[in-house]
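Start counting the sequence shown at 22; every next residue gets the next number (the numbering used here).
C-beta atoms are modelled at their ideal positions from N, C-alpha and C, and glycine is treated no differently.
Given the structure is predicted, the values throughout are model-derived calculations rather than measurements.
Have a look at the structure below, then the notes.
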Amino acid sequence: MSISIRRISTFVLVGALVSAVSILVAAQSLGSAGTIQGKVVDSTGAVIPNATVDIKNPVTGFERTTATDSSGLFVFRSVPQNSYHLAANAQGFGVAQEDVDVRTSVPIDLTIMLKVATSNTAVEVTAEAADLLENDPSAHTDVDSGVASRIPLESNTSALSQIITYSSPGVVADSNGFFHPLGDHAQTSFSLDNQPISDQQSRVYSNQISANAIQSMELITGVPSAEYGDKSSLVAVVTTKSGLGQTKPSGSVSFDYGSFGSSSGTVNLGVGNSKYGNFFSLNGLRTGRFLDPPEFQSIHNIGNSETFFDRADFQPNPANTLHLDLFLARSWFQAPNSFDQAAAGQDQRQQMKTFNVAPGWTHLFSSSTLLSASAYIRQDHVQYFPSANLFSDQPETVSQNRRLQNSGVRVDISHAKGKHNIKAGFQYSHTALSEFFNFGITDPTVNPVCLDSAGNPVLDPTITDPSTCSSRGYVANPGLKPGLVPFDLTRSGSLLSFRDTGAVNQEAIYAQDNITLGNLSVILGLRGEHYAGLSEAYSLDPRLGLAYHIVPSNTILRFGYAHTLETPYNENLLLSSAAGQGGLAQNVFDPSVSIPLRSGRRNQYNAGFQQAFGRYLVVDGDYFWKYTDNAYDFNTLEDTPIAFPISWRKSKLDGFSFRISMPEMHGFRAYTILGHTRARYFNPETGGLFFDNNPPSGVFRIDHDQAFQQTTNLQYRFFKRRDGWAAFTWRYDSGLVNGSIPDYATALTLTADQQAAIGLFCGNVLATLNSPITSCSDPNRGALRVQIPADGTENDDKNPPRISPRHLFDMGLGFDNVMHTDRYKMTMKFTVVNLTNKEALYNFLSTFSGTHFVTPRSYTAGIGFTF
């Protein structure tokens, strides 16, 4: 389905109206970013106008340049918290250099003195080893938009998630833009211009903000500071682009076209002055491969999305600033089919609508004290539609209509002076939940009541009671899930109809001091939390971090500890909690067995280091160990995008991550990230459905456990007159746990379609859609795309089945100034994803994820104009 002209026109009109409203109530959003400001003077103290001032971080690639005004003043706003090398120079003067450490939103005031030049020698500013290091107790990765924009990506619908996956070590890639941070399923929070967002952001749960609107990100994978809670395995601190200070309008218009009939368009515009600024980004996409499908071929998978983001900034005077972030988005897509589902005529679809409004205010009491207050309201409205003929949906039919709305306030005060950098505040949020869900079984073989003497399902629709099997000459099905029998439409059952509303209220207070004692950095923090949803919990969470800089060897050693309150996922929380222990397979929403999902409590330890090798290389390594009582996961409904939060009794997670970065030299930049995770979970389980597969028993490795993954990204800038660039990415994944096929005998029971999907073989015979393998005596047997343990060796904890390893290669080539012009520039780019056309799986028949293939080789070409 193509996007109609009327839909595009309506969307653009709404975006224009919202932008106009934002101009009237404009404000500056500092968020968690910092400000570097000051004046440039000569040796007598006289100000120097038109002096050039640069700040740069050689590791992240963040670089900004400005000039002093007639009063010798300069300012850099929305600077990500990090270490920077600052250089200032002016005609007739030498260069002045110093390092600036931005660790607070309180503005940093500098006075830069330039000395008269003694000769007309050229001055080159180069990074030293110390410029590559951060004396920070918490492991994190800083990502700048300039570097991120050149990473070859497979989809614009979840570009933000893919950038995180390709940039942060310890993050495991999964289907549909989903990622698993450091052994957890999805314990990720976003701080978007100081707005907390902890609900799911992958492309099947919500509409993401466009990567075109993002200026920089700090991806925290170590011990989180006291201001972050809720879901903190990974915290993405996102700073959006701003028009503040842009005396000349800047923007871009681009259009891309590629494989699967994919087309997308983007319009970005930033404009402003010293007091006011506005930036907006408008994006539209249509593709024939919206989601990762259960087949390598994309079947019934058309989708489109539209997003609009606007950030307005206003600073009426130096002491007060205001801000307003606005976001509107909509996506519509078909649920992809397998070959079997396509043959049955299945036609399931999903629509998501998102809006977000986040105003705020900051007040500068003094040069060292800043008050920040913000409010927000955000809603995701998700609708899932069944086929017109319910029996075309196989093996079940399902529909859904749910709303998840967050609103809240956050107020904090920052004080930075001398050795201390203090931040304290409180946060309140209210989450309103509304869920409507219909479900029914449409395949009589899914949950048969009786079996015949050969073990085959008895399809008699009149049999609904297993106690009557013997009187009819059959045996009761030992695997019967009694909770599903009333909803078996093939046995005169009726649709399960669930409708409920609820609310979650959360309050938190926090305080933290970042103390600098020479080469030692210390973090002391405390967070108090109250969670009141379907269950209630209180927690007092200490945070501790230490980092020491060994100057002679350019080494930093760090250690951290955090106690955190892990809160349940909000998506389908009401229905999942009503299912109770063992899920819907055992219970029919009996109030006596209903168990609300409870908050988890975690102890987390991190130990790591940073090592710089001259100005050429920096290595960052971190080890993590996390022990959680009441650990969270998702239970997915077959291959649909519908998932339900569940909890396990406890989890033990540990692993390591490394990032090796080479700053840009002679146009070449590179980094490699590596990670290993061991994710052990313990029964029993609470919530969810669990009717397609039996839940694991005892201790087991969950499906986001992966032994090893790495990503290497190479970027090269060439032909400066045309701003040419080339990028190459190599991603290796050793394979997630895949508990659905513990042995070869189980693989023989799969359908022909399923056997073909995993590449099942017996000797030289390969399973096909028309020729399944039903028996095999050849010792040379297995599967191409899953690893099946040898007979008798499978162990859920020590030797689980896994997805087969895969190597994926992507590349991109582009020119950012094709015509070699000054003001108005033409851009071109070409991207290839999965260069070798590797046929591989993310997962297969996973109780927690379903079945999904990686993207086949695909091409995208784009053209654009910037000014």
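Problem - Element boundaries [beta strand (DSSP E), containing Gln355] - result: Gln355 -> beta strand (DSSP E) spans 341 to 355.
*Taking one C-beta from the region 587 to 599 and one from the region 650 to 657 each time, how about it: are there three or more such pairs within less than 8 Å?*
In short, these stretches touch, since the Cβ pair count reaches three.
Inset, instruction - Tell me the start and end of each unbroken beta strand (DSSP E) in the region 720 to 755 that is at least 3 residues and wholly inside, in chain order. - result: Within the region 720 to 755, the complete beta strand (DSSP E) runs of at least 3 residues are 720 to 722, 730 to 739, 745 to 754.
**Beta-carbon gap between Arg722 and Arg701 smaller than 9 Å** = Between Arg722 and Arg701, the CB-CB gap stays under 9 Å.
Fill in: Cβ-Cβ separation, Gln404 to Arg431 (assumed contact under 8 Å), whole Å
The pair is not a contact, with the Cβ atoms about 30 Å apart (cut-off 8 Å).
Compute the Euclidean distance between the alpha carbons of Ala532 and Leu561, then round it to the nearest angstrom. Their Cα atoms are separated by approximately 12 Å.
Can you grab the Cα-Cα spacing for the pair Ala72 / Val100, in whole Å? Between Ala72 and Val100, the C-alpha separation is close to 20 Å.
Next on the checklist: For the alpha helix (DSSP H) containing Ala169, name the first residue and the last one.
Outcome noted: Bounds of the alpha helix (DSSP H) holding Ala169 are 166 to 169.
| query | Per the contact definition of three or more C-beta pairs closer than 8 Å, is the region 400 to 419 in contact with the region 196 to 207? | reply | In short, these stretches do not touch, since the Cβ pair count stays below three.
**Request:** Note down the Cα distance separating Thr418 from Leu862, rounded to an integer number of angstroms.
**Result:** Rounded to whole angstroms, Thr418 to Leu862 spans 25 Å at the Cα level.
Quick check: what's the CA-CA separation for Asp120 versus Ala88?
For Asp120 and Ala88, the distance between alpha carbons rounds to 18 Å.
Q: Give me whichever residues DSSP pairs with Gln11 in a beta bridge.
A: Residue 11 cannot be examined here, being either before or after the span of the chain that is shown, 22 to 888.
Check your understanding: If you check the beta carbons only, do Phe376 and Ala396 fall under 9 Å apart?
Key -> Their beta carbons are not under 9 Å apart, which means Phe376 does not touch Ala396 by this criterion.
- prompt: Do you know offhand how far Arg493's Cα is from Leu480's?
  reply: Approximately 13 Å, taken between the alpha carbons.
| task | Give the straight-line distance between the Cα atoms of Gly871 and Asp277, rounded to the nearest whole angstrom. | result | Near 31 Å, if we compare the C-alpha coordinates of Asp277 and Gly871.
Ala882 to Leu829 span [Cα, whole Å] = Ala882 and Leu829 have their C-alpha atoms spaced approximately 20 Å apart.
Within the chosen definition, does the region 619 to 630 reach the region 691 to 698 through at least 3 CB pairs nearer than 8 Å? At 8 Å Cβ cutoff, the stretches do not touch.
Practice task
Excluding the 5 residues preceding and the 5 following Phe386 in the sequence, name in chain order all residues of the same chain whose CB lies nearer than 7 Å to its CB.
Solution key: Leu392, listed in sequence order.
Task: Length of the line joining the Cα atoms of Trp646 and Pro339 - done: Near 45 Å, if we compare the C-alpha coordinates of Pro339 and Trp646.
*asked:* Quick check: the region 280 to 294 against the region 303 to 317, are at least 3 beta-carbon pairs closer than 8 Å?
replied: Between the region 303 to 317 and the region 280 to 294, the count of C-beta pairs closer than 8 Å reaches three or more; the two stretches touch.
Over the uninterrupted beta strand (DSSP E) stretch that includes Leu181, give me the two end residues. For Leu181, there is no enclosing beta strand (DSSP E); the residue is part of the alpha helix (DSSP H) that begins and ends at 180 to 188.
Quiz item: Whose C-beta lies closer than 6 Å to the C-beta of Asp641 among residues of the same chain, with five residues either side of it excluded?
Solution: Excluding residues within five positions, the ones whose Cβ falls inside 6 Å are Gln631, Arg680.
* To do: Let me know if Glu175 comes out buried or exposed under the rule of 16 or more other beta-carbons within 10 Å of its beta-carbon.
  => Classification of Glu175: buried, given that the 10 Å Cβ count is 16 or more.
- Task: Please classify Gln527: is it buried, with 16 or more other beta-carbons within 10 angstroms of its beta-carbon, or exposed?
- Result: Answer is buried; the Cβ neighbour count reaches 16.
message: Counting C-beta neighbours from all protein chains within 10 Å, is the total for Lys60 16 or more, i.e. buried, or is it exposed?
response: Residue burial is scored here from C-beta neighbours: Lys60 has at least 16 other C-beta atoms within 10 angstroms and is therefore classed as buried.
>> Please classify Arg619 as buried or exposed, where buried requires at least 16 neighbouring CB atoms within 10 angstroms.
In response: Classification for Arg619: buried.
Sequence-distant residues of the same chain with beta carbon closer than 6 Å to Arg690, five excluded per side: So the qualifying residues of the chain are Gln736.
Straight-line Cα distance separating Asn734 from Pro810 | A straight-line Cα-Cα distance of about 33 Å links Pro810 and Asn734.
| query | Between Leu586 and Phe729, what straight-line distance do the alpha-carbon atoms span, to the nearest angstrom? | reply | In a straight line, the C-alpha of Leu586 is about 28 Å away from that of Phe729.
Exercise. Put Ser435 into one of helix, strand or coil per three-state DSSP.
Key: In the three-state scheme derived from DSSP, where H, G and I count as helix and E and B as strand, Ser435 is classed as strand.
- Between the CA atoms of Asn864 and Ser682 - distance to the nearest angstrom: Whole-angstrom Cα-Cα distance: 30 Å.
Closest to Pro357 by CA distance: which of His321, Thr390, Asn325, Lys374 is it? When each option's Cα is compared against that of Pro357, the closest is His321.
Span of the alpha helix (DSSP H) around Gln527:
Where Gln527 is concerned, there is no enclosing alpha helix (DSSP H), although the beta strand (DSSP E) around it starts and stops at 517 to 538.
Note down the Cα distance separating Phe330 from Phe348, rounded to an integer number of angstroms. The alpha-carbon atoms of Phe330 and Phe348 are separated by roughly 5 Å.
- Under the assumption that Ser273 contacts Ile884 (Cβ atoms under 8 Å), give the Cβ distance between them as a whole number of angstroms. About 11 Å separates the two Cβ atoms, so there is no contact after all.
Self-check item: Contact between the region 158 to 165 and the region 828 to 844 (3+ Cβ pairs under 8 Å)
Solution: When C-beta atoms of the region 158 to 165 are compared with those of the region 828 to 844, fewer than three pairs fall below 8 Å, so the two segments do not count as touching.
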